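According to this note's numbering, the sequence shown is numbered sequentially starting from 6.
Positions of the beta carbon are idealized from the N, C-alpha and C atoms, including for glycine.
Source: prediction; values computed, not measured.
First comes the structure, then the notes that go with it.
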Amino acid sequence: MLFFLRVKMVLHADNKDIFFKIVSNVVIFQGQMMGFKLLVI
């Protein structure tokens with residue numbers, strides 16, 4: 006859900022620096038979620 010909201014923000018912003026910053030945030034967020042799931046298991 007958060008991923009799509011961030012993608013929407015990127016589409017509205019024409020600045021590529023903002024795009025890459027948000028993409029890196031998404032990658033880090035996904036990595037944290039995977040780590041959390043592994044910890045739970």
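Distance between residue j and residue i (C-alpha atoms, nearest Å)
i, j, result
"Met41", "Phe34", "Looking at the sequence shown, residue 41 is not Met but Phe. Roughly 11 Å between the two C-alpha positions."
"Ile23", "Val31", "12 Å"
"Gln37", "Lys21", "24 Å"
"Phe25", "Met39", "21 Å"
"Ile27", "Leu43", "24 Å"
"Val45", "Ser29", "24 Å"
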